[in-house]
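Shown next, in structure tokens, is the structure this report addresses.
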Amino acid sequence: MVSKTPVVLAIVLLALTGGCTIVNRPKPPEQEQTQLERRQYQQRDFDTNDVKLVMKAVLNTLQDDGFTVRNAVVDLGLISAVKEVMLTSRTSTSQQRSPAETWAEIFAAAISRGRTQPSTPQQPVRYRNIQQLEVTVNVSPFGANQTRVRVSFVARVLDNEGAVVESQPVTDPGVYQTFFAKVDKGIFLEKQKF
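Numbering of the sequence shown is given in the working numbering, commencing with residue 1 and proceeding in unit increments.
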């Protein structure tokens, strides 16, 4: 008579090892955000009806963060600015991050790091040279006692000839939250006449 122990043992082992299989499922592609979803993190209402004060606070915040203001139109409440960071290897060994390194992380999150196109003998060598963060801000009255600020960031990579290699909107809500927290502090400082 044949013992059932080896057959039962084989079935148990098969069932146990089948449960240990690692299945790597690809992530589903992210859906593009709707206009309403973007506006939820791109705009903030501040409790003051002084639009010029808020514009001044936004300008100061941008300058404190190393942006160069390219255009400011008070009548429209429009501000546009840009910040550029040279693409270089990290030479600092200190634990504290510089503002340039912080912005570099934002670029890394917004833009995938692709390879440059190979050059031919007739073509000059082109390489990624500058990371650029462009910001557009719209400041407008909202209701009787508030001012609404809407901001949008676009991250770009330029090559050594100044041509745009990549361009992506920054969709990380944390970037916008950090910016609005700084603007809020700037409004407080403007009200205190600092």
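Backbone N, C-alpha and C fix where the C-beta goes; we use that ideal spot for every residue, glycine too.
Handout entry: Secondary structure of R126, DSSP reduced to three states
Key = Note: R126 maps to coil in three-state DSSP.
Exercise for the section: Give, in chain order, every unbroken run of the alpha helix (DSSP H) that is at least 4 residues long and sits entirely within the region 20 to 79. Expected result: Correct list: 35 to 42 and 51 to 64.
Exercise for the section: Find the nearest neighbour of V85 within the set A57, F67 and T136, judged by alpha-carbon distance. Expected result: Per the Cα distances, F67.
Practice task
Assign T171 to one of three DSSP states: helix, strand, or coil.
Solution key: Correct three-state label for T171: coil.
Practice task
Please confirm whether P169 and Y41 have their CB atoms less than 9 Å apart.
Solution key: The Cβ atoms of P169 and Y41 lie no closer than 9 Å to each other.
Problem - 9 Å Cβ cutoff met for E161 and R126 - result: For E161 and R126, yes; Cβs fall inside 9 Å.
Problem - Selected residue, minimal CA-CA separation from I130, among E190, D45 and V165 - result: Considering only alpha carbons, the answer is V165.
Exercise for the section: Name the residue from Q33, E37, F46 and Q31 whose alpha carbon lies nearest to the alpha carbon of K191. Expected result: Restricting attention to Q33, E37, F46 and Q31, the CA atom closest to the CA of K191 is found in F46.
Exercise for the section: Consult DSSP for K193 and reduce its assignment to one of helix, strand or coil. Expected result: Looking at K193 - three-state DSSP - the assignment turns out to be coil, as it is neither helix nor strand.
Problem - Exposed unless 16 or more other CB atoms sit within 10 angstroms - verdict on A57 - result: Counting Cβ neighbours within 10 Å, A57 comes out buried, since at least 16 surround it.
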